[in-house]
Amino acid sequence: MKLREMNGWELMRSLNDEVKVIDGNICEIHDHNRRRAAMQFLQHRVLTEEANPQTGIYFWIPVTKGWRLETFFDSQFPSTRGIDLEHATIWRKWANTMLRKDDSRAPYEVANAYAGLPRGRVTKFITREHPGGPKVRKYLILHGDDYPAKDAAELIASRFGLREGSYKFLYDDHERMNKDDVRTIQNYLGRDLGLLKRAAS
């Protein structure tokens, strides 16, 4: 199946288990840059071809100097068995890719520490600007008040294709980090990310 025909689940499954035959030998391909580039290609295609605002989830990922925003659109991840896109599922399948580890499978404790980094969700709702007025689609950018970037709202809105004035940046306790998960991620990366003081107990 061609990359542009895949949805997000298919891409993850394909690239996490990617192999290449070299001189008759089957070799596993472990390259986090290749996996991230493929996901970014799919997202770019959605934003340019559909030109519609997106909903979904996001994570803030530590890089050498600062933070990177990783996004996952609901439209790319069809609901399976009625379960919407959730942080825990994406994290289990894609944590090592986001954390820039070539091996596609994170250790068990890391794969279950989805609340170890700042994260959130973009969702939509229908409202009326005034009583009796027309229905208007608005968006909520939910966060745990632990985001690492000063311009977080604008950056997230841009990455999800949200227009200025069409969204609210709203705290949601459910999106807060968890101290145990933060410790797990910091131990795995071998450095203090300065997140513990902002995490929930």
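Per our numbering, the sequence shown starts with residue 3, numbered consecutively.
Idealized CB from N, CA, C, for every residue including glycine.
key: Outcome for Ile63 when other beta-carbon atoms lying within 10 angstroms are tallied against a minimum of 16   = Translated into the one-based positions of the sequence shown, residue 63 becomes position 61. Ile63 should be labelled buried.
query = Looking at C-alpha atoms only, which residue of Leu101, Thr129 and Glu7 is the closest neighbour of Trp69?
reply = As a working mapping, residue 69 is identified with position 67 in the sequence shown. Comparing Cα-Cα distances from Trp69 to each of Leu101, Thr129 and Glu7, the minimum goes to Leu101.
message = Among the candidates Gly10, Trp11, His145 and Val48, whose CA atom is the shortest distance from the CA of Asp174?
response = Residue numbering aside, residue 174 sits at position 172 when the sequence shown is read from its first letter. Among Gly10, Trp11, His145 and Val48, the Cα nearest to that of Asp174 belongs to His145.
request  = Go through its chain and collect everything with a Cβ distance to Arg139's Cβ below 7 Å, but skip five positions before and after it.
outcome  = As a position in the sequence shown, residue 139 is number 137, starting the count at 1. Take Arg139, set aside five residues on each side of it, and the residues of its chain with a beta-carbon closer than 7 Å to its own are Lys126 and Ile128, in chain order.
request  = Provide the residue span of the alpha helix (DSSP H) that contains Leu44, from first to last.
outcome  = By 1-based counting over the sequence shown, the position of residue 44 is 42. First-last of the alpha helix (DSSP H) with Leu44: His34 to Arg47.
inquiry  = Report the start-end ranges of each beta strand (DSSP E) in the segment 108 to 171 that is 3 residues or longer and not cut off at the edges.
reply    = 121 to 130 and 137 to 145, all fully within the segment 108 to 171.
ask   = Using the beta-carbon count (16 or more within 10 Å), is Tyr110 buried or exposed?
value = Residue 110 sits at position 108 when you count from the first residue of the sequence shown. Classification of Tyr110: exposed, given that the 10 Å Cβ count is below 16.
query = What are the residues that DSSP puts in a beta bridge with Leu71?
reply = If you number the sequence shown from 1, residue 71 lands on position 69. Note: Leu71 sits in a beta bridge opposite Trp62.
key: Cβ neighbour criterion (16 or more within 10 Å) applied to Arg36   = Translated into positions along the sequence shown, residue 36 becomes position 34. With fewer than 16 other CB atoms across the displayed protein chains lying within 10 angstroms of its CB, Arg36 is exposed.
task = Take every Cβ of the segment 178 to 187, pair it with every Cβ of the segment 106 to 124, and state whether three or more of those distances are shorter than 8 Å.
result = Yes: the two stretches touch, three or more of their Cβ pairs being nearer than 8 Å.
query = What's the C-alpha gap between Lys170 and Leu157?
reply = To locate residue 170, count along the sequence shown from 1; it is residue 168. To locate residue 157, count along the sequence shown from 1; it is residue 155. Distance between the alpha carbons of Lys170 and Leu157: 13 Å.
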